[in-house]
Every structure is written in C-alpha cells, then in structure tokens.
Amino acid sequence: MSPADEPTTDRSPELDAMGPDSSTDPSGSDTGLGDLVDDATAGEDLAAGAGDVPPPADDLAAGGDDRIEPVDDLAAGADAGAEDAVDDTDAHVAPASSAPVEDTPLDPQDVPEAAVAAEMADAPASQALFDRALAVIPGGVNSPVRAFRSVGGTPRFMVSGTGPRITDADGREYVDLVGSWGPMILGHAHPDVRAAVDTAVSRGLSFGTPGEGEVALAEEIVRRVDPVERVRLVSSGTEATMSAMRLARGFTGRSKVVKFAGCYHGHVDALLASAGSGIATFALPDSAGVTAATTAEVIVLPYNDLDAVRAAFAAHPGEIAAVITEAAAANMGVVPPLPGFNAGLAEITHADGALLITDEVMTGFRASRAGMWGLDGAQEGWRPDLMTFGKVIGGGLPVGAFGGRADIMAHLAPEGPVYQAGTLSGNPIATAAGLATLRGCTDEIYAHLDATARTVGELVAAALTQAGVPNRLQRAGTLFSVFFTDAAVTDYDLARTQSTAAFAAFFHSMLRDGVYLPPSAFEAWFVSAAHDDAALERIEAALPAAARAAAAVLG
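Per our numbering, the sequence shown runs over residues 15 to 569.
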C-alpha cells in the first residue's frame, strides 16, 4: 500500500488544526470519548426484563467476523418462511428498483392519524418552516426522505445538535439515531471536529488550488483501506459512484455495467434503473427524466444471487465493464451480503476481465475502521478494484471519494484519458472536518459503536417481540436496521414485504417520546461514539409504547 504507514514528523499548521494524527497517536480524539467506550457486553443491564431477544443477528454469519450478520438459513439456500412471505405478498411488491425505497409515500389509509395529529400539534415551528419551504423548495425538502412522506406528519426542522442529541425548532430534544445518515460518527459538534473546522475557516473557505489538507485526507484513506492505492476526492457520494463507473468503462473499454435491485448508488442517471423482464436483460428507467438510452447498458440483478451474476456474464462475455454493489446493502434497510457473495463477485468479474466496484459511501469507515471491506474482504482474501466513499470522510460536510488500484486510477485526467473534475473537490473546510473525524475513529471508538449498535438493536427487537410485532434485526458492522417482518431479508423483494404502516406507528411514538429514527422503514439506523447510558435509557424507555403502537396497527 502506498504511501507507507510511517508518518512524517513535520506537520504544517493546517494539519495541526485537524486534530491528533491517528497514525502516531492511537488514542485519537479527546479522552472524553474513551470514557464512553463500553465492552462487548455493554447494555445488557438495559435489556434485562425486556423480554427474550430472538437471535436475528448473532446466528447469521457462519464464520468470519461476528459483526457481519447475514441470515444463516438463507445462506444455505431456501428459507421456507421467507419464500412464503414473498409468495403471499407478490401483489403488493413493486418491480425491482434502484430509486430509494424510502421515497415511496405511505398509503393514506395506513397513516396513524391520531399519532400524527398529536405530534403535529407539538411542532408548530417546524410546521411553519415546512409551509415556508413548500412555497420555494420542491416538496419542501432538499432530499426526499426528509419530507416524512413514508411515515406521515410534519418533518422536524433541526436547529442544533450536541453529542447524541438534536433539538428541533420547537425546542424539543431527541436522541438521534440518524446522525445525518452516517457522518456524525463521533456525535454532533464534536470538539475536535469543530476546532479543525474553525481553524480552517479562519484561513479561507476555498482556493481552487491544491492544499495540504486534501493530501492528508487521501493519505488517511489509503492508510486504512488496503485495496485503495490512490484516491480522488469529490464532493458527494453520487459524484464518486458516477466517476468510478466512468473510470471502469474507460479502463476496460467496455460499456455494460451490472448493478443490484435495491442497491442505491446516488442519483446517477444510468444507475436509476429498474430490472427488465428477466435475468440478464437490460434495465428500464426508474425515474422521469432518465432515458431508455441512458440505462440501456445497465443490467439489474437480484441482490445476493451469484447464479444471476454468472448468467449475466455468460450472456455478455467480454462486454461487462464492471459490477457495482453496495459493500453491504443499506438503502433498503440493512441487508448484509450472504457469506461468500462479495468474494464471488470478485471471482466472477476478474475471470472475465471486468472490474468490481464496491460502494462504501454508507459503510466506509462506519462498519469498521476499514469499512465493510475490513470485515469481509480483508478476512476472506479478496479485493475490489475500485471503491467509493462519502458520509464519514466529510465529518458532516460534503465530501466523496473514489479510489482503488493504482493502474486503474492512473487513467484519470490529467494523468490519463478519463476526464473528471470538480470546483470544490478537496475543499479545505470539508477535508479538515473529514480528517479530524477519521483521526477520532480509533479502535476503542469502533468497539463502543459496535456494542452500542448491538444494544440498541436488541432492545428494539425485544420490545417488538414482547408486543407480538414480527421483526427482524439485521446488522452489517455497526450499521443495523429492524424490519417489521419475521422473514429473513436478503434482497429487495423481501425487504418490501414488511409492514410500513406498523413502522410508521412505531416511528411516531418514538418521536413523541424523544427518539428520532430514520423516517422510513427502509433505512439504516446509526449510533455514534457519543451515545451514552443516558441516551440508551431514553431509547429503552420509549420502546414499550412504540411497540404497542405498532402492534395496534397490525391488529
């Protein structure tokens, strides 16, 4: 891996502002974070009396790191209960899609009207802001899931955040289980990140020139993730996946790309595609404004299905430039790869001369120190050719990145013929926040995140089980989600069989009791290094009422 791990001793004032160097100081961030770290049994006292927790996660991975928790009974083949769940609900399952599932509005008859009305009355300031926003912003939001269309009610407009908590415009405080969809891994307004940003801002906001901060962030990424030999910084995850796909086509000289139903790679036109009429057929546009010509070279396959991948390569030998997959699917809820799935993708692609692109925008530096690859590829001995990142590497500011093999990355301009550019790529403020965040993500912090995610997931599963609500807890490293179904979820169609109405009732009850969940049943949940015992106690206290609300919807 290049550059070497050996750090230099000369550090500019710009780097000093970004916090301690994790390559030389394993303690990373301030000592206060270390005080929050629990051991692997953290939270057991909280779960006491909450009912028997079903084993939705711990028995899922045969071998490997126990934080990779796909579903054991499906890894071996057909789970009769899961198959029955699909058979019984086919009429309600939409075609395989690439648009985020969370954007699907809740059926009005499924909206828990009393709960929504009650919490709307508590949010007059948010409602007033939403009314203003609706007049000038499409849908009143700048990213669709924020509009609460999947759960109903008034979107909460947040005004501040500290540690594990956020506060809305009405002054209501919540324990946050969204974390800006992943970047706030250290918690909100972490002092080291704030200090790094403040210092960077004092020097200027943007220069349009190279800067040492972007070099340091690139070095930190390369140091942590062995398959990444060189990396290019961009401004979003969407830009990263778009650029990686262009680079793969330019490097291989091929045009076709394979993706998986339910995996979301940003709003790239060619990847907003739904499955065609059968395996190995070409995709259809999945959004207005995306033309058939744009998606004509994209093949959409079922996730976790290596036979479908083999069939696609058999049908198009020497024509596929790349397979792109989320390293662990997290945009239809958390659906981990079945044991051997990602390794199988590497084997199939490389045998045909194609590339494997793993999208770690969600999982990168969140699932583990080296992302999801650190939990599977590093253990199993396979490597992707290209990887994409976002979220955590910006520490809450807009940053994306893509990187991989040096020979492939050498095809990027100005060194090679594949063009890619960006005015704000490597922005000094964003790289300062990202570098301070990564340097704060020590092994101790990941141990805390893992224990906390496990505790919260088990508390939720126990409360739902005690209330008689079907549920399935699934995890990928420190990411997790709870599906409102008792069927193991391994692909998009199975994810769609859960009860979104039950989730909506659960969501509004938790919101009312001061816990902010993702406003969609099809999203990952996120904890941070700042989630302490008090935060866990707030979550635990809110769960029984929320579980009963979900049970009432199911009758």
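Each residue gets a CB set at the ideal place from its N, CA and C atoms; glycine is no exception.
Taking Cβ positions, are residue i and residue j nearer each other than 7 Å?
| i | j | result |
| --- | --- | --- |
| A460 | R383 | As written in the sequence, residue 460 is Tyr, which differs from the Ala given in the question. A contact, by the Cβ cut-off of 7 Å. |
| A357 | W396 | yes |
| N343 | Y317 | In the sequence under discussion, the amino acid at residue 343 is Ala, which differs from the Asn named in the question. Result yes, Cβ atoms of A343 and Y317 sit closer than 7 Å. |
| V432 | A515 | no |
| T372 | P398 | yes |
| G347 | S495 | yes |
| A275 | V314 | yes |
| V245 | G417 | yes |
| S523 | P178 | no |
| L557 | A477 | yes |
| A518 | V165 | yes |
| A336 | A368 | yes |
| T176 | A203 | yes |
| G280 | G251 | yes |
| L286 | V304 | yes |
| G201 | K405 | no |
| E234 | L452 | yes |
| G408 | A444 | yes |
| P442 | A302 | no |
| M172 | D182 | yes |
Contact criterion: CB-CB distance below 7 Å. Does residue i meet it with respect to chain B?
| i | result |
| --- | --- |
| P350 | Among the protein chains of the structure shown there is no chain B, as only one such chain exists. |
Look at the alpha carbon of residue i and the alpha carbon of residue j, and state the distance between them as a whole number of angstroms.
| i | j | result |
| --- | --- | --- |
| V4 | G167 | Since the displayed the chain opens at 15 and closes at 569, residue 4 lies outside it and no answer follows. |
| R510 | G267 | 37 Å |
| A544 | A450 | 16 Å |
| A254 | L438 | 14 Å |
| K270 | Y278 | 18 Å |
| A262 | A424 | 12 Å |
| V248 | A415 | 5 Å |
| R217 | G410 | 20 Å |
| R366 | F265 | Note that residue 366 is Asp in the sequence shown, not Arg. Approximately 14 Å between the Cα atoms of the pair. |
| S257 | A564 | 42 Å |
| R208 | Q393 | 35 Å |
| G471 | L487 | 7 Å |
Please classify residue i as buried or exposed, where buried requires at least 16 neighbouring CB atoms within 10 angstroms.
| i | result |
| --- | --- |
| A475 | buried |
| P152 | exposed |
| R146 | exposed |
| E429 | exposed |
| V192 | buried |
| D505 | buried |
| N345 | buried |
| A465 | buried |
| D190 | buried |
| P331 | exposed |
| T223 | exposed |
| S220 | exposed |
| G482 | exposed |
| V150 | exposed |
| S174 | exposed |
| E551 | exposed |
Following the continuous alpha helix (DSSP H) through residue i, name the residue where it begins and the one where it ends.
| i | result |
| --- | --- |
| R562 | 547-568 |
| D145 | 138-150 |
| T445 | 442-454 |
| T363 | 355-366 |
| L261 | 251-266 |
| L508 | 506-509 |
Report the three-state DSSP secondary structure of residue i (helix, strand or coil).
| i | result |
| --- | --- |
| F327 | helix |
| Y530 | strand |
| E374 | strand |
| L219 | coil |
| D93 | For D93, the predicted structure reports a pLDDT of 36, less than 50, and the residue's modelled location is therefore unreliable. A value from the coordinates is still provided. Three-state DSSP puts D93 in coil, outside helix and strand. |
| W396 | coil |
| T514 | helix |
| G418 | strand |
| S495 | strand |
| T309 | helix |
| S523 | helix |
| A343 | strand |
| V207 | helix |
| P299 | strand |
| R160 | helix |
Please find out if some non-hydrogen atom of the ligand NAD comes closer than 6 Å to the beta-carbon of residue i.
| i | result |
| --- | --- |
| G167 | The ligand NAD is absent from the structure shown, which contains no ligands of any kind. |
Counting along the chain, where does the beta strand (DSSP E) carrying residue i start and finish?
| i | result |
| --- | --- |
| I459 | Note, I459: premise wrong, no beta strand (DSSP E); alpha helix (DSSP H) at 457-480. |
| M172 | 172-176 |
| E233 | Not the beta strand (DSSP E): E233 falls in the alpha helix (DSSP H), residues 226-238. |
| E537 | Note, E537: premise wrong, no beta strand (DSSP E); not H, not E. |
| K405 | Taken as a continuous stretch (DSSP letters only), K405 belongs to no beta strand (DSSP E), as it is neither H nor E. |
| T181 | 179-182 |
| D190 | 187-190 |
| L247 | 244-248 |
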